[in-house]
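Shown next, in structure tokens, is the structure this report addresses.
2 protein chains.
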Amino acid sequence: MKYGIVIFPSKQLQDLANSYRKRYDPHYALISPHITLKHVFESSNDEVKDITKKLDHIARKFKPFKLHVSKVSSFQPVNNTIYFKVETSPELEQLHRDLYSELPGGDPEYAFVPHITIGQKLSNDEHSDVYGQLRMLGIDHEEVVDRFHLLYQLDNGSWTVYETFRLGEE
Amino acid sequence: MKYGIVIFPSKQLQDLANSYRKRYDPHYALISPHITLKHVFESSNDEVKDITKKLDHIARKFKPFKLHVSKVSSFQPVNNTIYFKVETSPELEQLHRDLYSELPGGDPEYAFVPHITIGQKLSNDEHSDVYGQLRMLGIDHEEVVDRFHLLYQLDNGSWTVYETFRLGEE
């Protein structure tokens, strides 16, 4: 099965992200707005028990931490994804590092740029149009993260939550 | 916020349900295939901590139990919903009772008929056509349930998982 690990931000931030994703993100119906901590990786049904034990262990090392969404940004020229930029923090960096070093799935393909996608797979014209507008609107938002989620992917591409891990819990 | 409590069955069963939902269920994109344990109820952000404590407590009283999906059925003439019938069991009944007696949201509106919806809001003609076909296909499937999920609803009608509760865990 294909697994991934994400943070779902608050309902308020998800609703805001969805107001853009509805028009600009073809993955709108496949998953709620999220910050990807670990990209899709393959694992067997048998392995998942071991993975959840490791995730329990990782989650306990952390405490709830602040998340700061600071602006609208874009991955251009790499691709046409537009996103809410999440300021990196020692906790996010460490969490990302632990999820890659302690779980299957190899090394990250890219440097970690924490973000919440609000538009993707846009044409160049759409991208410059939409990005121009959204960048002007801006965003500045803080909230506390106290959990992350292990998800698996269904055959239709959508994601179901397998389990939640609360930061700092016994 | 609006909350609900569900069981997500195995990926195998979700994929099968989605193969029908894609065509026959307008809620296809809003939530993964599920068994509703407690219908939508309103609760404040402050209350949710208390609710998760109660859910932790309820989950611990149970052990993982068998789920038997026995046939394709329909709620007609009440409505045109077609579903995988889940055989009721002492554990499902008790879980349903506990979630209503110990959490906010009042009494259940209907008798508890555990099921996984595969089609809804069909016209009468569609219903008899689709139901006729699916009933013939049938289903007989067993698996083990070892967790349930507390979800909340976003403004667009879709559901995000707030937290997972593993049955029988400390």
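Taken in sequence, the protein lines are chains A and B. Sequence positions in the first sequence follow this note's numbering and run 1 to 170. Sequence positions in the second sequence follow this note's numbering and run 171 to 340. Backbone N, C-alpha and C define an ideal beta-carbon position, used for all residues, glycine too. Because the structure is a prediction, the values reported are computed rather than measured.
- By the criterion of at least three beta-carbon pairs nearer than 8 Å, the region 316-323 of chain B is not in contact with the region 23-34 of chain A.
- CA-CA distance, Q76/A to D125/A, rounds to 12 Å.
- In the three-state reduction of the DSSP assignment, S70/A falls in the strand class.
- Nearest to L67/A by C-alpha distance, out of S89/A, K49/A, A59/A and Y83/A, is S89/A.
- Taking 7 Å as the threshold, the shortest C-beta distance from V239/B to chain A does not fall below it.
- Taken in chain order, the members of the region 304-322 of chain B whose beta-carbon sits within less than 8 Å of a beta-carbon on chain A are R317, H319 and Y322.
- At least 7 Å separates the beta-carbon of H141/A from that of V86/A.
- About 7 Å separates the CB atoms of F232/B and L265/B; that is less than 8 Å, so the two are in contact.
- A Cβ-Cβ separation of about 19 Å leaves P33/A out of contact with P64/A under the 8 Å criterion.
- When CB distances to chain A are screened at a threshold of 7 Å, the residues of the region 196-218 of chain B falling below it are A199 and S202, in chain order.
- By the CB criterion at 7 Å, N80/A and L37/A fall outside the cutoff.
- When 7 Å is used as the limit between beta carbons, V78/A is near no residue of chain B, the shortest such separation being about 28 Å.
- No residue range can be given for G106/A, since it is assigned to no alpha helix (DSSP H) and is classified by DSSP as neither H nor E.
- Taking all protein chains shown into account, A59/A has 16 or more neighbouring C-beta atoms within 10 Å of its C-beta and is therefore buried.
- The shortest C-alpha to C-alpha distance from S74/A to any of I118/A, F112/A, E47/A and V6/A is the one to I118/A.
- Against chain A, the CB of Q182/B has no partner CB under 7 Å away; the residue lies outside that interface.
- Ranked by Cα distance from N215/B, the options Y332/B, P278/B and I175/B are led by Y332/B.
- Across the region 325-338 of chain B, CB contacts with chain A closer than 7 Å involve D325, N326, S328, T330, V331, E333 and T334, in sequence order along the chain.
- Counted as a single uninterrupted DSSP element, the alpha helix (DSSP H) harbouring Y190/B occupies residues K181 to Y194.
- Here the alpha carbon of V78/A sits roughly 21 Å from the alpha carbon of Y20/A.
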